[in-house]
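K.L.:
Below is one structure. I have some questions about it.
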Amino acid sequence: DGGITQSPKYLFRKEGQNVTLSCEQNLNHDAMYWYRQDPGQGLRLIYYSQIVNDFQKGDIAEGYSVSREKKESFPLTVTSAQKNPTAFYLCASMSVLAGGTDIQYFGAGTRLSVL
Amino acid sequence: AQKVTQAQTEISVVEKEDVTLDCVYETRDTTYYLFWYKQPPSGELVFLIRRNSFDEQNEISGRYSWNFQKSTSSFNFTITASQVVDSAVYFCALPSDNDYKLSFGAGTTVTVRA
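Protein chains in written order, with the numbering used here: chain A, 1 to 115; chain B, 1001 to 1114.
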């Protein structure tokens, strides 16, 4: 099946620990995105990548890092510098053939909590 | 900058009632697309509709319909004869100019009671 796979579904972080959220897509999309969602709020963009080996900061990049070594993979690391990491994290991908007007498709999300 | 406002925080209806969700946007672009997404309790965002600013014709797709009015910068979405499975958070979104990013509204939580 084509789609976006996020893992794990639930993740717990200890104080001072870095954790990595996985996002894999087999849609052959060039662009990939990470969003953060807090309860009762909309989605805020953390990082995005339009092409392999290149990525840009979104609106709330502080305390996060990403890599894009392969077209199908865009892992997000929540570092110890992110003091309030508890949130729901969503990964998305999009074809860039139609420019910025194509549809973003989303994974099922990872719920991160602090122990 | 692009901005999307969904003034309705929560809407609660009884099954079979119609539900209209409001979306007001701000953009400097002369041509643009608008999107609606649904987020059921499972969490995954599901694409519903995309509309081009060139076409203000209102359309119906099954139980969904939308009302796009460029003059008032509004892109409202209606669910006709609501069902319990329509219970979800609904987001309106607008692409940033040339950046391949989406600006989302805060979302409207729809609860359909049996």
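Beta carbons are placed, not taken as given, at the ideal position from N, Cα and C, and that holds for glycine. Treat the numbers as computed from the prediction; the structure is a model and nothing was measured.
1. At the level of alpha carbons, what is the spacing between glutamine 1002(B) and glycine 109(A)?
2. Would a check of beta-carbon distances place glutamate 1017(B) closer than 8 Å to chain A?
3. So with Cβ pairs under 8 Å, would you call tyrosine 1033(B) a contact of chain A?
4. Spell out a yes or no on whether the segment 76 to 95 of chain A and the segment 1054 to 1071 of chain B are touching, meaning 3 or more CB-CB pairs, one atom from each, closer than 8 Å.
5. By the criterion of Cβ-Cβ separation under 8 Å, what are the contact partners of tyrosine 124(A) in chain B?
6. Below 8 Å between beta carbons: does that hold for serine 80(A) and asparagine 18(A)?
7. Any C-beta of chain A sitting closer than 8 Å to the C-beta of arginine 1050(B)?
8. What residues in the segment 87 to 108 of chain A have a beta carbon less than 8 Å from any beta carbon of chain B?
9. From the DSSP output, in three-state form, read off aspartate 54(A) for me.
10. Skipping 5 residues on each side, what residues in its chain have a beta carbon closer than 6 Å to that of valine 52(A)?
11. Within 10 Å of its beta-carbon, does arginine 1113(B) have 16 or more other beta-carbons around it, so buried, or fewer, so exposed?
12. Sorted by chain position, which residues of the same chain lie with C-beta nearer than 6 Å to leucine 43(A)'s C-beta, five sequence neighbours on each side aside?
13. State the CB to CB distance for the pair threonine 86(A) and leucine 112(A), rounded to an integer number of angstroms; the pair is presumed to be in contact (CB under 8 Å).
14. Does the beta carbon of phenylalanine 988(B) come closer than 8 Å to any beta carbon on chain A?
15. Taking 8 Å as the limit between beta carbons, can you name the residues of its chain near cysteine 1023(B), skipping five residues before and five after?
16. List the residues that DSSP assigns as beta-bridge partners of proline 1095(B).
17. For serine 1103(B) and serine 65(A), what's the separation of their Cα atoms in angstroms?
18. Name the two residues that bound the continuous beta strand (DSSP E) containing tyrosine 1033(B).
19. Quick one: list the residues of chain B neighbouring glycine 42(A), beta-carbon separation under 7 Å, in chain order.
20. Rounding to the nearest angstrom, what Cα-Cα distance links glycine 63(A) and glutamine 1008(B) in this structure?
P.N.:
In this structure, then:
1. 25 Å
2. no
3. yes
4. no
5. Outside the modelled stretch of chain A, which goes from 1 to 115, sits residue 124(A), for which no answer is possible.
6. yes
7. yes
8. Phe88, Leu90, Ala92, Met94, Val96, Gly99, Gly100, Thr101, Ile103, Gln104, Tyr105, Phe106, Gly107, Ala108
9. strand
10. Arg68, Lys71
11. exposed
12. Tyr35, Gln37
13. 6 Å
14. This structure leaves residue 988(B) out entirely; chain B is present only between 1001 and 1114.
15. Val1004, Thr1005, Gln1006, Leu1034, Trp1036, Ser1074, Phe1075, Asn1076, Phe1077, Cys1092, Gly1105
16. Leu1102(B)
17. 21 Å
18. 1033 to 1039
19. Phe1091, Phe1104, Gly1105, Ala1106, Gly1107
20. 32 Å
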